[in-house]
Amino acid sequence: MTQIFTTIIIFIIGLVIGSFSNVCIYRLPRNESIVFPGSHCPRCSYPIEWHDNIPLISYIILKGKCRSCAEKISLQYPLVEFLTASLYLFLFYFYGLQLRTVVYMVFCSALVIIAFIDLKEKIIPDVISLPLTALGFLSSFVLKNISPLNSLLGILAGGGSLYLIAIAGTYIFRKEAMGGGDIKLSAMVGAFLGWQLALLSLFIGFLLGSVIGIIVLMKTKGEIRDVPFGPFIALGTLIALFFGQGILDWYFLL
121 MTQIFTTIII FIIGLVIGSF SNVCIYRLPR NESIVFPGSH CPRCSYPIEW HDNIPLISYI
181 ILKGKCRSCA EKISLQYPLV EFLTASLYLF LFYFYGLQLR TVVYMVFCSA LVIIAFIDLK
241 EKIIPDVISL PLTALGFLSS FVLKNISPLN SLLGILAGGG SLYLIAIAGT YIFRKEAMGG
301 GDIKLSAMVG AFLGWQLALL SLFIGFLLGS VIGIIVLMKT KGEIRDVPFG PFIALGTLIA
361 LFFGQGILDW YFLL
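Last residue of the sequence shown? That's 374 in our numbering, and every number before it is there in order.
1. With a CB to CB cut of under 7 Å and the five nearest residues on each side skipped, what residues in its chain are close to leucine 368?
2. Could you check if cysteine 189 is buried or exposed, using at least 16 other CB atoms within 10 Å of its CB as the buried criterion?
3. Provide the residue(s) that pair with lysine 192 in DSSP beta bridges, ordered along the chain.
4. Could you spell out the range, first to last residue, of the alpha helix (DSSP H) harbouring asparagine 142?
5. Just checking my contact of phenylalanine 227 with leucine 263 at CB under 8 Å: how many whole Å lie between their CB atoms?
6. List the endpoints of the continuous alpha helix (DSSP H) containing arginine 220.
7. If we ignore side chains and look at the alpha-carbon of each, how far apart do lysine 284 and valine 232 end up?
8. Please report the distance separating the alpha-carbon of lysine 295 from that of isoleucine 248.
9. Have a look at the DSSP bridge pairing and note the partners of histidine 160.
10. Hey, quick one: how far does the alpha helix (DSSP H) through aspartate 302 stretch, first residue to last?
11. Taking proline 348 as the reference, which of Gly301, Pro157, Val223 has the closest Cα?
12. Give me the Cα-Cα distance between valine 155 and methionine 225, rounded to the nearest whole angstrom.
13. Expressed to the nearest angstrom, what Euclidean distance is found between the alpha-carbon atoms of phenylalanine 387 and leucine 219?
14. By alpha-carbon positions, which one of Thr357, Glu152, Phe312 ends up nearest to leucine 269?
15. What is the rounded straight-line gap between the Cα of leucine 373 and the Cα of serine 153?
16. Please determine, among Met308, Leu258, Ala288, the residue with the shortest C-alpha to C-alpha distance to glutamate 276.
17. Using the Cα positions of leucine 148 and glycine 184, report the straight-line distance between them to the nearest angstrom.
18. Using 9 Å as the threshold, is the C-beta distance between threonine 376 and glycine 310 below it?
19. Cβ of proline 157 within 9 Å of Cβ of isoleucine 180?
20. Could you have a look at arginine 294 and say whether DSSP puts it in helix, strand or coil?
21. Is tyrosine 215 closer than 9 Å to phenylalanine 131 when the C-beta atoms are compared?
22. Using a threshold of 9 Å, state whether the C-beta atoms of aspartate 246 and glycine 350 are closer than that.
23. Just the Cα atoms here: how many angstroms apart are glycine 278 and isoleucine 303?
24. Three-state secondary structure (DSSP) at aspartate 346?
25. If you follow the alpha helix (DSSP H) that proline 251 is in, where does it begin and where does it stop?
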């Protein structure tokens, strides 16, 4: 019974944080405060009452439309809420109730926010990646899941490897191949996961990005389009966070 109750509470917390993440996704690229004013419709500026702002439930009750102007509410909102809640449950089942779990919840929330901002706006705000890099490094002194040295090497390996790839790509393609936001995001990942899992995250991200890139090229009949890399780094990081050690153990046994 206690396990079920804890699971429900964690899922609800994830939904609430997911709702706040949506605020960050919308406002941070516009340099707006994430606190004031309160939630409102982007189209008609109608203040959203508390009963219309309940994660998942309000979207269903309102049938995905603003109560005031009937503007369609993006599917992103319930998706981010459900995704965040699901990640929190994964963390709970993988690591139990401990400080490490809470820190990883913050980390995963940041990844979700970054992925959706980059997907929509093609930018990765420093206001997320830089403080989280510091948090990842400082947490290594307390959590002991990785050493401070490994965290520091992760920052250098994650950010440094992508920086070198960016330089090479810019030289080869004669245009910016990788944004500075991607480099800082990779450094952030390394701060939390250490150098081995950071490199694994990037490898998985490049693999996923290549597959999607090929699909985009096929659909656009060879027309080259900019595809944000942040979401692929985030997805690769989540895979490495939950399954990375098992993947590395399997690889070194080959």
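We treat Cβ as the ideally placed atom computed from N, Cα and C, and that holds for glycine.
Let's see:
1. Gln316, Leu320
2. exposed
3. Lys185, per the DSSP bridge assignment.
4. 122-147
5. In fact, because the Cβ distance is near 11 Å, the residues do not count as touching under 8 Å.
6. 219-241
7. Lysine is not the amino acid found at residue 284; the sequence shown has leucine there. About 25 Å.
8. 26 Å
9. Pro167
10. 300-339
11. Out of Gly301, Pro157, Val223, Gly301 has the C-alpha closest to the C-alpha of proline 348.
12. 20 Å
13. Not covered by the structure: residue 387. The range shown for the chain is 121 to 374.
14. Cα-wise, what sits closest to leucine 269 is Phe312.
15. Cα to Cα, leucine 373 sits roughly 50 Å from serine 153.
16. As written in the sequence, residue 276 is leucine, which differs from the glutamate given in the question. With distances taken between Cα atoms, leucine 276 lies closest to Met308.
17. 23 Å
18. Coverage of the chain is limited to positions 121 through 374, which leaves residue 376 absent and any answer about it impossible.
19. It is not a contact, given that the beta carbons lie outside the stated cut-off.
20. coil
21. Tyrosine 215 is positioned such that its CB atom lies no closer than 9 Å to that of phenylalanine 131.
22. With respect to the 9 Å criterion, aspartate 246 and glycine 350 are not classified as neighbours on the basis of their beta carbons.
23. 7 Å
24. It is coil, neither helix nor strand.
25. In this chain, the alpha helix (DSSP H) harbouring proline 251 covers 246-263.
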